[in-house]
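Residue numbers (UniProt numbering): 1 to 147. Glycine included, C-beta positions come from ideal geometry on N, C-alpha and C. Quick caveat, the model's predicted, so the values are computed rather than measured.
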């Protein structure tokens, strides 16, 4: 990376030209990095950090997040989620419910889209709401997205 935070030789990506699964591929990385960044300051051992991160990034957790924030999404965001959720997938992880997997794909595609289109403020709001939803014992309380 250079001083501007750019990767030398990288080219801008047109998010609209990418498939839903490609957006989800990027969104998966965005969410994993966000969760790990939020957890790393806890002082826990790496083994415990990994175990804790799985609670956030597994398909059922992401599906739960999406179901709780759907009402706060814009029409464009809802469309991205809908298209990704309905995309045919060839494999489903053995520990994932098929519906949860489709919902988590929609959630990840949304994150990938927001990241690639540079909508960082909106992305951060959704990420923080997601983390609060999964961190709070009463998970409906802390995950509201407000503009």
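**Message:** I need the straight-line Cα distance from residue 130 to residue 12, nearest angstrom please.
**Reply:** If I take the Cα positions, the gap works out to 27 angstroms.
**Message:** Using C-beta distances below 6 angstroms, list every residue in its chain close to residue 138, excluding the 5 sequence neighbours before and after it, in chain order.
**Reply:** Unreliable placement is indicated for residue 138, whose pLDDT of 41 sits below 50; the coordinate value is still reported in the next sentence. Closer than 6 angstroms at the Cβ level, and outside the excluded window around residue 138, lies no residue.
**Prompt:** Anyone know if the C-beta pair for residue 103 and residue 61 falls short of 8 angstroms?
**Reply:** Their beta carbons are not under 8 angstroms apart, which means residue 103 does not touch residue 61 by this criterion.
**Request:** Tell whether a beta-carbon distance below 8 angstroms holds between residue 31 and residue 57.
**Result:** Cβ distance < 8 angstroms, so residue 31 and residue 57 count as in contact.
**Prompt:** In its own chain, which residues sit with a C-beta less than 7 angstroms from the C-beta of residue 140, not counting the 5 before and 5 after it?
**Reply:** Unreliable placement is indicated for residue 140, whose pLDDT of 43 sits below 50; no coordinate value is reported for it.
**Request:** Tell me whether residue 74 sits in a helix, a strand or coil according to DSSP, three-state version.
**Result:** In this structure, residue 74 counts as coil in the three-state DSSP scheme.
**Prompt:** Is residue 44 helix, strand or coil by DSSP?
**Reply:** Note: residue 44 maps to coil in three-state DSSP.
**Request:** Under 8 angstroms by Cβ, that's how I've got residue 54 and residue 107 pegged, so tell me the actual separation to the nearest angstrom.
**Result:** Their Cβ separation, rounded to whole angstroms, is 16 angstroms, which puts residue 54 and residue 107 out of contact at 8 angstroms.
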